[in-house]
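K.L.:
Residue numbers (the working numbering): 173 to 540.
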């Protein structure tokens, strides 16, 4: 195997390691690192929960003295700034790494090419620009927070063949099958936070945790968009707020007595700006979450919230589970009306993956 092929092989392993950190390292990026000497891996690492230690630090500890003269494969530019830990670029150079193979620059203004420059200045051969699309996809949440001041947003929909999420009477459990529901829980693990609207919270009384996977400790932050604080006091979200974080986005004019009661139950109350319609502004909500460190956000409905996010151009990915059922026109649509007059103005998405999952169909789309 030639050097270029080996480089891609080891970099792909670093990407696989990085994926272990998705949803658990915010506001930091999920990074993977493999240190290779004489064709054999001598150290591996990935960003640990909470964002520290970094992948490079973990791999260097595992490699020990074997790092000297080795090649380090890292999925994002090593950091170059002093935080709670020393810069990874400095640590790699001090360990005697002879060569670095990486992908893209870290756009964080504290880094932004300085990590690569510091390694070159230390005599390390720096080879970058590999697997760029994969690197941007892997770090989409982190890049979005830095470059767009909002999280990367995935909207998940589970609908019937005719796009309904509930009957006219509000019955919705269960539209999708057990395999699709397990997939949905795995999707939660890979995100920093789950967002739902007040209507869904009132109608379904969800917990929004991770079950049946042995990953309960990885349950993300629950975020409720509830402008007027309409959540019932006995809702599961409130009853579990001390066990799993619950952030409630609300309008400044919401009832202060209800805000006080929700806070007393353990929820974090976050005031957000109103849009022109007097409701929570979708872009403002996402900017607020980004300011608190959220990089990867999963929205699980309902229809009004989904419509507002799509209309505002804030949905980056759609994950659609379609069940082989038909409810009819009197059922509740997965996406509420937003007054579209012309087909040419319809928001567009590009299909990137499709597969069967149990008796349902899973399709993944990205914004055009």
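The beta-carbon is built from N, C-alpha and C at its ideal position, and this holds for glycine as well.
1. Hey, residue 265 and residue 290 are a contact pair by Cβ (cut 8 Å); roughly how many whole angstroms apart?
2. Kindly indicate the opening and closing residues of the beta strand (DSSP E) around residue 366.
3. What does the alpha-carbon distance come out to for the pair residue 182 and residue 489?
4. If you scan the segment 308-362 from start to end, which runs of the beta strand (DSSP E) of 3 or more residues do you find wholly inside it?
5. Beta carbon of residue 461, beta carbon of residue 444: below 7 Å?
6. Who pairs with residue 443 in a beta bridge, going by DSSP?
7. Let's see if you can read the secondary structure: which residues bound the alpha helix (DSSP H) around residue 460?
8. Do you know whose CA, among 537, 356, 392, lies nearest residue 415's CA?
9. Could you check the C-alpha separation between residue 362 and residue 485 for me, to the nearest Å?
10. Helix, strand or coil: how does DSSP classify residue 260 here?
11. Could you spell out the range, first to last residue, of the alpha helix (DSSP H) harbouring residue 178?
12. Of all the CB atoms in chain D, is at least one closer than 7 Å to the CB of residue 387?
13. Leaving aside the five residues before and after residue 451 along the sequence, list all residues of the same chain whose C-beta is less than 7 Å from its C-beta, in chain order.
14. Using a Cβ-Cβ cut-off of 7 Å (strictly less than) and excluding sequence neighbours within five positions of residue 441, which residues of its own chain qualify?
15. Any chance you could list the beta strand (DSSP E) runs of at least 3 consecutive residues sitting entirely within the segment 261-300, in chain order?
16. Can you pull the DSSP bridge partners for residue 494?
17. Compare the C-alpha of residue 238 against each of 216, 374, 254 and name the closest.
18. May I ask you to report which of helix, strand or coil DSSP gives residue 214?
19. What did DSSP end up calling residue 526 once you bin it into helix, strand or coil?
20. Would you mind stating whether residue 242 and residue 219 have Cβ atoms separated by less than 7 Å?
P.N.:
A quick look at the data gives this:
1. 7 Å
2. 365-369
3. 28 Å
4. 324-331, 336-338
5. Here residue 461 is not near residue 444, since their CB atoms are 7 Å or more apart.
6. 422
7. 454-463
8. 392
9. Looking at the two C-alpha atoms, the distance is approximately 22 Å.
10. In the three-state reduction of the DSSP assignment, residue 260 falls in the helix class.
11. Counting along the chain, the alpha helix (DSSP H) containing residue 178 begins and ends at 175-190.
12. The structure shown contains no chain D; it holds only a single protein chain.
13. Excluding residues within five positions, the ones whose Cβ falls inside 7 Å are 399.
14. 420, 422, 431, 434, 435
15. 271-273, 297-299
16. 331, 533
17. The residue with the shortest Cα to Cα distance from residue 238 is 216.
18. strand
19. strand
20. no
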